[in-house]
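Asker: Got a structure for you, questions after.
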């Protein structure tokens, strides 16, 4: 919930009409998303190991690091949390949603849509982005990176920088969902919440890509990590 409240929040802040942050741009968005993940990790870390991403939960179960019986509960919680975060963001910025005429802009503050629609390229981008996310997270846990002086010893900080780097470098094509819950929960929220006209559809014809792509990328990352190490 906190991840999406802050993450969708920066999108709303930088995009919606009459917001003091309107036009702040991509750098602000990617930095805030990094810190949003950091906050979510610190909150959920002591209890679940910071399972904020269904793709990562599924991949860790496939790797034998998480019981498959735990996966459904984690995934449901992740999607519900994302939905609640998006709904809170809508409530927070309701006046600005009402002042914004462009329905595409409203949707973009909830979920991802491609800059250039190309189903297989968009899918590939989500696969590669999530592969990098999960592979690097697995690398953070290796012996050389968890020493007292290693970056991995700082816990959520490396993941924060990683999210920023992925957004700045690889986010320009699809908006780097790299997390099925991050996209699906807010997309459901957009479809259910009332908006002052005009309101567009929630982009369901594209909505499967930010779900399937991250799961495939995460599984491929675990496969690569196991083959190498």
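Residue numbers (the working numbering): 376 to 604.
Built from N, CA and C at the ideal position, the CB exists for glycine as well.
From the DSSP output, in three-state form, read off residue 429 for me.
Answerer: Position 54 of the chain shown holds residue 429. Note: residue 429 maps to helix in three-state DSSP.
Asker: What three-state label does DSSP hand residue 489 in the structure shown?
Answerer: For the purposes of this step, residue 489 is taken as residue 114 along the chain shown, with counting starting at 1. Of the three classes helix, strand and coil, the one that applies to residue 489 here is coil, per DSSP.
Asker: Which term fits residue 562, buried or exposed, when burial requires 16 or more other beta carbons within 10 angstroms of its beta carbon?
Answerer: Within the chain shown, residue 562 is the residue found at index 187, counting from 1. Buried: at least 16 other Cβ atoms inside 10 Å.
Asker: Give the range of the alpha helix (DSSP H) segment to which residue 554 is assigned.
Answerer: Position 179 of the chain shown holds residue 554. That residue, residue 554, is in no alpha helix (DSSP H); it is neither H nor E in DSSP.
Asker: Assuming residue 417 and residue 535 form a contact by the criterion Cβ under 8 Å, report the distance between their Cβ atoms to the nearest whole angstrom.
Answerer: Locating residue 417 in the chain shown gives position 42, where the first residue counts as 1. Locating residue 535 in the chain shown gives position 160, where the first residue counts as 1. That belief does not hold up - the Cβ atoms of residue 417 and residue 535 are roughly 10 Å apart, past 8 Å.
Asker: Can you name, in chain order, every residue of its own chain whose Cβ lies under 6 Å from the Cβ of residue 550, other than the five neighbours on each side?
Answerer: In the chain shown, residue 550 corresponds to position 175, counting from 1. These residues qualify, in order along the chain: 487.
Asker: With DSSP as the reference, label residue 560 as helix, strand or coil.
Answerer: Within the chain shown, numbered from 1, the residue matching residue 560 stands at position 185. Helix at residue 560.
Asker: Would you call the CB atoms of residue 556 and residue 461 closer than 8 Å?
Answerer: On the chain shown, position 181 is the one that residue 556 refers to. On the chain shown, position 86 is the one that residue 461 refers to. The answer is no: Cβ separation not under 8 Å.
Asker: Buried or exposed: where does residue 589 fall if 16 or more other Cβ atoms within 10 Å of its Cβ makes it buried?
Answerer: Here residue 589 refers to the residue found at position 214 of the chain shown. By the neighbour-count rule (16 or more Cβ atoms within 10 Å), residue 589 is buried.
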